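*Asks:* Position one of the sequence shown corresponds to residue 271 (the working numbering), numbered consecutively onward.
One structure coming up, written as structure tokens, with questions to follow.
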Amino acid sequence: MHKKFRGKSVHGFRLMFEVGLQEDALPSLKSSLNTDLSVLDSLLPIHIKHKLQSDTSIYVCASTKEEVTVSRYHPKVCKTFPGSITISAARYLQFRLCWGDGAVLVHEFAHAVHDKLIPSGFACEIIEKVGENVNVARVTSFTCSVSR
Ligand SMILES: [Zn+2]
Numbered sequence: 271m272h273k274k275f276r277g278k279s280v281h282g283f284r285l286m287f288e289v290g291l292q293e294d295a296l297p298s299l300k301s302s303l304n305t306d307l308s309v310l311d312s313l314l315p316i317h318i319k320h321k322l323q324s325d326t327s328i329y330v331c332a333s334t335k336e337e338v339t340v341s342r343y344h345p346k347v348c349k350t351f352p353g354s355i356t357i358s359a360a361r362y363l364q365f366r367l368c369w370g371d372g373a374v375l376v377h378e379f380a381h382a383v384h385d386k387l388i389p390s391g392f393a394c395e396i397i398e399k400v401g402e403n404v405n406v407a408r409v410t411s412f413t414c415s416v417s418r
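Written as structure tokens, this is what we have:
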């Protein structure tokens, strides 16, 4: 990973801000992330929350390249940002307005739970079958993409 990040803990979650992010965008971004992470802090069951706080960092990227999109969970097997979430600083603020406080991160952390806490992770047959029946996995692909 050639980018440089600076870390900060917010509500026990690890935020990593890319060095070089536009300073004028930072106050509203930090304020929004503080709100969103407070929602997660109050919603998540405690053992799941502690697991995610300890091993799932959120990288806030200046880049608008494909690897970042709006938000994305990168599975444990990925070479870049393994087991972590990336969000685009510019797009996140716009996109979160469509879904409400905390919703984008709840979505991404759900992928992390699937990968890290469900037996067999993304290969879990029970979840695969549900996905085939409901076809939910395909419908959600416009909001973020999971490479696996
Ligand atoms: Zn997704």
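Glycine residues also receive a C-beta, built at the ideal position from the N, C-alpha and C atoms.
Because the structure is a prediction, the values reported are computed rather than measured.
For the alpha helix (DSSP H) containing His-320, name the first residue and the last one.
*Replies:* Translated into the one-based positions of the sequence shown, residue 320 becomes position 50. Its alpha helix (DSSP H) spans residues 316-325.
*Asks:* For Cys-414, count the other beta carbons within 10 Å of its own beta carbon; 16 or more makes it buried, fewer makes it exposed. Which is it?
*Replies:* Taking the sequence shown and counting its residues from 1, one reaches residue 414 at position 144. For Cys-414, the pLDDT reaches just 48, beneath the cut-off of 50, and the residue's location in the model is therefore unreliable, leaving the point undetermined.
*Asks:* Use the C-beta contact count for His-320: other C-beta atoms within 10 angstroms, 16 or more gives buried, fewer gives exposed.
*Replies:* Looking up residue 320 in the sequence shown gives position 50. Result: exposed.
*Asks:* Bridge partners for Ile-355 per DSSP, in chain order?
*Replies:* Translated into the one-based positions of the sequence shown, residue 355 becomes position 85. DSSP output for Ile-355 lists Ile-328, Tyr-343 as bridge partner(s).
*Asks:* Kindly examine ligand 1 and report whether one of its heavy atoms sits closer than 7 Å to the Cβ of His-344.
*Replies:* What you label residue 344 is simply residue 74 of the sequence shown in a count that begins at 1. No, ligand 1 has no heavy atom inside 7 Å of this Cβ.
*Asks:* Measuring only from the beta carbon, is His-377 closer than 7 Å to any heavy atom that is part of ligand 1?
*Replies:* By 1-based counting over the sequence shown, the position of residue 377 is 107. At least one heavy atom of ligand 1 is nearer than 7 Å to the Cβ of His-377, so yes.
*Asks:* Buried or exposed for Ile-357, going by 16 or more other Cβ atoms inside 10 Å?
*Replies:* Within the sequence shown, numbered from 1, the residue matching residue 357 stands at position 87. When all chains shown are included, Ile-357 counts as buried.
*Asks:* Once the 5 residues before and after Asp-371 are set aside, which same chain residues still bring their CB inside 7 Å of it?
*Replies:* If you number the sequence shown from 1, residue 371 lands on position 101. Correct list, in chain order: Thr-305, Asp-306, Val-309.
*Asks:* Name, in chain order, the residues that DSSP records as bridge partners for Val-400.
*Replies:* One-based indexing of the sequence shown puts residue 400 at position 130. Beta-bridge pairing links Val-400 to no other residue.
*Asks:* Report buried or exposed for His-344, applying the criterion of at least 16 other Cβ atoms within 10 angstroms of its Cβ.
*Replies:* One-based indexing of the sequence shown puts residue 344 at position 74. Its Cβ being crowded by 16 or more others within 10 Å, His-344 is buried.
*Asks:* Please work out which residues of its chain come closer than 6 Å, Cβ to Cβ, to Lys-274, disregarding the five sequence neighbours upstream and downstream, and give them in chain order.
*Replies:* Translated into positions along the sequence shown, residue 274 becomes position 4. Result list for Lys-274: Val-289, in chain order.
*Asks:* Quick one: Cα of Trp-369 to Cα of His-272, how far?
*Replies:* Within the sequence shown, the letter at position 99 stands for residue 369. Within the sequence shown, the letter at position 2 stands for residue 272. Roughly 32 Å between the two C-alpha positions.
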